[in-house]
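For reference, each letter of the sequence shown is one residue, going 12 to 235 in the numbering used here. Virtual Cβ for every residue (Gly too), placed ideally from N, Cα, C. Below: the structure, in structure tokens.
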Amino acid sequence: MPFFERLRALSKERRTMLCVGLDPDPERIDGAAAGALRHCREVARQTEEHACCFKPNSAFWEQYGPDGWKALIELHEEFADTPFLLDAKRGDMGNTMKAYAHAVFTTLAMDAATVSPYFGKDSLEEFTRYEDRGVYVVCRSSNPGAEDLQHLEADGAPLFLRVADMAERVNGHGNVGLVVGATAPSAVADVRKASKLPFLIPGVGAQGGDVSASVRAAWNGDPA
12 MPFFERLRAL SKERRTMLCV GLDPDPERID GAAAGALRHC REVARQTEEH ACCFKPNSAF
72 WEQYGPDGWK ALIELHEEFA DTPFLLDAKR GDMGNTMKAY AHAVFTTLAM DAATVSPYFG
132 KDSLEEFTRY EDRGVYVVCR SSNPGAEDLQ HLEADGAPLF LRVADMAERV NGHGNVGLVV
192 GATAPSAVAD VRKASKLPFL IPGVGAQGGD VSASVRAAWN GDPA
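Laid out in structure tokens, this is it:
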């Protein structure tokens with residue numbers, strides 16, 4: 012089943028739009044990769060019925076080396092009923108992006124991933140060619156420095172809206188979404204006016220994002 016169809020079905024079944032992050036911190040979790048696996052296994056067990064997706068951040072697993080990748084694969088296999096979205100923000104050109112996509116979708120068998128738009132349309136297409144996997148393009152990020160570049164004017168509109176437009180143009184397989192941070196509800200509203208694509212809205216919790224305002228700004232009747 013294509014990623015977004017699966018996401019919509021789970022959202023309806025579990026009555027949720029929640030995506031749960033799985034980002035183990037070695038300063039707080041003992042036991043190296045095995046400890047990370049134990050911790051995130053328990054997080055997933057406690058939250059799965061309330062979530063329609065799990066989002067491991069690649070860096071938090073990479074830091075454990077090969078054992079981290081093995082642990083992530085094992086975790087995914089244990090919770091195969093819930094899609095895993097690898098937050099990797101991959102971005103490069105040509106064969107490099109092709110290799111990244113193979114690593115994420117074939118080697119790691121992730122169900123979806125985040126990608127960086129900076130290299131342009133041809134770069135994104137190396138990921139979107141995997142028709143049954145989800146591809147979230149970073150549009151307006153949730154960090155404080157988002158305005159440094161993403162709000163610069165480009166042909167009369169902020170750059171992040173140009174990114175949203177480009178994402179629409181690579182959505183030939185209906186498997187593209189946008190990352191739009193909860194720390195800027197007004198930007199979420201602007202992107203929603205410009206695009207009907209599904210949103211991933213990070214930045215809730217430690218980053219202080221306004222989940223209620225952001226969801227209201229993003230809501231268009233599509234639970235994905």
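Asked, Found
"Grab me the residues of Ala112's own chain with a C-beta within less than 6 Å of its C-beta, minus the 5 sequence neighbours each way, in chain order.", "Glu137 and Phe138"
"Note down the Cα distance separating Arg56 from Lys207, rounded to an integer number of angstroms.", "32 Å"
"Out of curiosity, what's the CA-to-CA distance linking Gly214 and Ser153?", "5 Å"
"Does Val199 come out as helix, strand or coil in the three-state DSSP assignment?", "helix"
"Just list the residues that DSSP pairs Cys64 with in beta bridges.", "Cys30"
"Pick helix, strand or coil for Val181, following the three-state DSSP scheme.", "coil"
"List the endpoints of the continuous beta strand (DSSP E) containing Val126.", "Ala123 to Val126"
"What did DSSP end up calling Gly188 once you bin it into helix, strand or coil?", "strand"
"Which residue's Cα is closest to the Cα of Asn106: Thr58, Ser134 and Met28?", "Ser134"
"How big is the Cα-Cα spacing for Arg25 and Asn231?", "19 Å"
"In whole angstroms, give me the CA-to-CA distance for Met12 and Gly145.", "11 Å"
"What are the start and end residues of the beta strand (DSSP E) that includes Arg56?", "Segment Ala43 to Thr58 is the alpha helix (DSSP H) holding Arg56; no beta strand (DSSP E) there."
"Does the Cβ of Thr93 have 16 or more other Cβ atoms within 10 Å, making it buried, or fewer, making it exposed?", "buried"
"Candidates Ala224, Val222 and Leu21: which alpha carbon is nearest Cys63's?", "Leu21"
"Grouping DSSP H, G and I as helix and E and B as strand, with all else coil, what is Gly79?", "helix"
"Identify the residues that DSSP records as bridge partners of Tyr147: which are they?", "Thr125 and Gly188"
"Taking the straight line between their C-alpha atoms, what separation do you get for Gly79 and Asn182?", "32 Å"
"Between Ser69 and Leu96, how many whole angstroms is the CB-CB distance? I'm expecting something under 8 Å.", "Between Leu96 and Ser69 the Cβ distance is about 11 Å, and since that is not below 8 Å, they are no contact."
"Just how far apart, CA to CA, sit Glu158 and Val191?", "13 Å"
"Could you pull the start and end residues of the alpha helix (DSSP H) that Asp159 belongs to?", "Ala157 to Gln161"
"Could you check where the beta strand (DSSP E) with Asp98 kicks off and where it finishes?", "Leu96 to Arg101"
"Among the residues of its own chain, which have a CB less than 7 Å from the CB of Lys100, if the five just before and after it don't count?", "Thr125, Val126, Ser127 and Val149"
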